[in-house]
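Using our numbering, the first residue of the sequence shown is number 4, and each one after it goes up by one.
Ideal Cβ positions, reconstructed from N, Cα and C, are used throughout, including at glycine.
On a predicted model such as this, the values are computed, not experimentally measured, just so you know.
Report on the structure given below.
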Amino acid sequence: MKAISVLGSTGSIGTQTLQIAEEFPEQFKIVALTAGKNLDLVIKQIETHQPEVVSLADDSLLPELSRRINNLNEDSKIFKKPLLMAGAEGLNTAAAWGSADLVVTGIVGCAGLLPTLAAIEAGKDLALANKETLIAAGPVVIPALKKSGSRLLPADSEHSAIFQCLQGTPWADNARLSTGVPTPGFKSIQLTASGGAFRDWKAEDLVKATVEDATSHPNWSMGKKITVDSATLMNKGLEVIEAHYLFGLSYDQIEIIIHPQSIIHSMVELDDSSVLAQLGWPDMKLPILYCLSWPSRLKTSWPRLKLTEIGNLTFKEPDTKKYPCMELAYSAGKLGGTMPAVLNAANEKAVELFLEERFKFIDIPKVIEAICEKHKCDLNLNPSLSEILEIDNWAREEVLDYSEKKITKMQF
Ligand code: NDP
Ligand code: MG
């Protein structure tokens with residue numbers, strides 16, 4: 004029985020993790036949950052999973068949570084009241100929770116950084132969904148992993164595909180995972196991308212892209228932020244940096260390839276020219292389950308892949324002019340140090356403002372490029388955690404400034 008702490012239990016990754024735990028009650032038990040604001044859902048999750056600790060982002064919701072849990076207790080719907088916490092302290096406590104063997108990081112954005120570090124310091128293995136943490140703070144996260152011996156198992160479907168391809172091969176050395184040490188025998192990896200919401204749009208039409216357009220993903224059902232990241236292809240750019248840290252690859256060894264059917268989840272090309280791929284329906288439950296069950300595999304009753312039903316698998320080069328975010332991510336990754344943190348924070352803030360309809364879709368890459376350019380003269384190649392947090396804050400303020408200036412310009 005593996006005990007699991009789920010950070011971001013009310014989101015897309017979090018709810019799918021809990022579904023897996025319900026499906027495999029003999030294998031997994033949930034000991035810690037953290038959520039943002041979705042009180043109704045977290046109450047249901049507490050009733051179903053009976054965790055030992057629950058934390059909310061904001062302490063203003065704690066009295067209401069406590070009252071509703073007392074009601075459940077009186078109705079004998081929960082056996083033991085969980086410890087209730089909130090804010091950064093609660094998040095870090097749940098991440099480092101004593102009885103947890105594995106922490107699923109399903110929080111969105113850089114808000115996941117401190118709890119991820121708390122889990123690593125406590126020696127927990129992690130199922131990494133929250134890629135923004137690794138991108139912003141690779142220079143801090145990788146040494147912390149080496150020190151604690153925690154393993155970062157990739158929950159992102161592409162990185163899970165590569166991880167799965169490597170199992171059982173002479174190149175597999177799971178101890179090397181996310182230590183920054185290059186994997187020998189790798190020629191390159193190919194990360195597949197569906198092409199996102201605008202894959203069939205002409206570049207000149209993107210000026211008209213609305214929030215509704217950008218949050219309708221053709222293949223995957225995910226949270227809003229990552230769906231917009233898929234539409235700009237920044238998600239793939241972030242995944243390039245994620246792969247660099249996870250597998251110790253240089254940026255020249257990481258390619259992006261458009262594969263509209265999202266059946267091949269990524270590929271590894273080895274030195275002898277052999278290519279290994281992992282296939283499956285576009286469903287995050289499989290890569291999450293693999294993190295939870297690794298190194299074993301569990302038997303599921305999930306729909307089997309039927310290639311004859313799909314018929315064709317197609318591939319093409321990504322259009323870098325239509326999707327400038329990919330190149331921005333490669334450049335930031337190659338520069339290293341604080342630059343990926345700036346790229347990530349600028350992107351998070353720009354997407355947030357776009358979702359609030361205060362920013363145009365086509366302005367997202369423009370603002371990120373401008374802010375990364377501005378940061379070049381202050382680039383810090385070996386940042387500490389506090390320097391990363393400071394630069395993250397700076398980049399967000401810059402996006403806000405940019406959007407306010409744009410609005411003023413539009414008004415006059
Ligand atoms: P969602 O938006 O669906 O869920 C985010 C979760 O984080 C929710 O539980 C939310 O709580 C919580 N949360 C949000 N902000 C905060 C905060 N400041 N403090 C504490 N908790 C917070 O996101 P996804 O599940 O789609 O994505 C999660 C991560 O996984 C992202 O980093 C994404 O890139 C990555 N990922 C997601 C995939 C997917 O299929 N969804 C695929 C691959 C990677 P609440 O809702 O209660 O407010
Ligand atoms: Mg992915």
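Within-7 angstroms CB hit, residue i to chain D
{"i": "V57", "result": "Considering every chain present, this structure includes no chain D. It has just one protein chain."}
Residue i: CB within 6 angstroms of a non-hydrogen atom of the ligand NDP
{"i": "A132", "result": "yes"}
{"i": "N95", "result": "no"}
{"i": "K40", "result": "yes"}
{"i": "I229", "result": "yes"}
{"i": "T13", "result": "yes"}
{"i": "M342", "result": "no"}
{"i": "A114", "result": "yes"}
{"i": "G283", "result": "no"}
{"i": "G17", "result": "yes"}
{"i": "E207", "result": "no"}
{"i": "I138", "result": "no"}
{"i": "G109", "result": "yes"}
{"i": "G226", "result": "yes"}
{"i": "A335", "result": "no"}
{"i": "A24", "result": "no"}
{"i": "E135", "result": "yes"}
{"i": "D329", "result": "Note that residue 329 corresponds to Met in the displayed sequence, not to Asp. No - the ligand NDP has no heavy atom lying nearer than 6 angstroms to the Cβ of M329."}
{"i": "A60", "result": "yes"}
{"i": "M287", "result": "yes"}
Buried or exposed by the 16-neighbour rule on C-beta atoms within 10 Å, applied to residue i
{"i": "L310", "result": "exposed"}
{"i": "S58", "result": "buried"}
{"i": "K211", "result": "exposed"}
{"i": "C380", "result": "exposed"}
{"i": "K134", "result": "buried"}
{"i": "K84", "result": "exposed"}
{"i": "L156", "result": "buried"}
{"i": "G101", "result": "exposed"}
{"i": "S387", "result": "exposed"}
{"i": "D404", "result": "exposed"}
{"i": "G152", "result": "exposed"}
{"i": "D61", "result": "exposed"}
{"i": "P306", "result": "exposed"}
{"i": "Q414", "result": "Caution applies to Q414, whose pLDDT of 43 falls short of 50 and renders its modelled position unreliable; the value that the coordinates give is listed next. With fewer than 16 Cβ atoms within 10 Å of its Cβ, Q414 is classed as exposed."}
{"i": "S428", "result": "The displayed coordinates of the chain run from 4 to 415. Any statement about residue 428 would go beyond what the structure contains."}
{"i": "L21", "result": "buried"}
{"i": "D203", "result": "exposed"}
{"i": "S12", "result": "buried"}
{"i": "R154", "result": "buried"}
{"i": "F166", "result": "buried"}
{"i": "F82", "result": "exposed"}
{"i": "T172", "result": "exposed"}
{"i": "S8", "result": "buried"}
Anticipated Cβ contact below 8 angstroms, residue i with residue j, distance rounded
{"i": "T235", "j": "C328", "result": "5 angstroms"}
{"i": "S23", "j": "I291", "result": "A small correction: the amino acid at residue 23 is Ile; Ser does not occupy that position in the sequence shown. So it is a contact: roughly 6 angstroms between Cβ atoms."}
{"i": "L346", "j": "K227", "result": "Wrong, their Cβ atoms sit about 20 angstroms apart, outside the cutoff."}
{"i": "A130", "j": "C294", "result": "3 angstroms"}
{"i": "L273", "j": "G188", "result": "6 angstroms"}
{"i": "L338", "j": "E372", "result": "L338 to E372, Cβ: 13 angstroms. No contact."}
{"i": "L194", "j": "I257", "result": "7 angstroms"}
{"i": "A353", "j": "V402", "result": "5 angstroms"}
{"i": "I138", "j": "S181", "result": "With 8 angstroms as the limit, I138 and S181 do not qualify as a contact, their Cβ atoms being about 13 angstroms apart."}
{"i": "G109", "j": "L10", "result": "6 angstroms"}
{"i": "E320", "j": "I261", "result": "7 angstroms"}
{"i": "A398", "j": "A349", "result": "5 angstroms"}
{"i": "G14", "j": "V107", "result": "No, G14 and V107 are not in contact; Cβ-Cβ is about 11 angstroms, not under 8 angstroms."}
{"i": "L283", "j": "H268", "result": "The amino acid at residue 283 is misidentified as Leu; the sequence shows Gly. With 8 angstroms as the limit, G283 and H268 qualify as a contact, their Cβ atoms being about 6 angstroms apart."}
{"i": "A164", "j": "Q281", "result": "4 angstroms"}
{"i": "E390", "j": "T341", "result": "7 angstroms"}
Any non-hydrogen atom of the ligand GTP closer than 6 angstroms to residue i Cβ
{"i": "M237", "result": "Here the bound small molecules are the ligand NDP and the ligand MG; the ligand GTP is not part of this structure."}
Listed by chain order, which residues have C-beta atoms less than 6 angstroms from any heavy atom of the ligand MG?
That gives D159, S160, E161 and E242.
Using 8 angstroms as the Cβ pair cut-off and three pairs as the minimum, do the segment 114-126 and the segment 309-326 touch?
They do not touch, by the three-pair rule.
Could you tell me whether the segment 68-77 touches the segment 91-110, using the rule of 3 or more Cβ pairs below 8 angstroms?
Not touching, per the Cβ criterion.
Tell me, please, whether the segment 245-253 touches the segment 218-233 by the rule of three or more beta-carbon pairs shorter than 8 angstroms.
Counting Cβ pairs under 8 angstroms, fewer than three are found: no touch.
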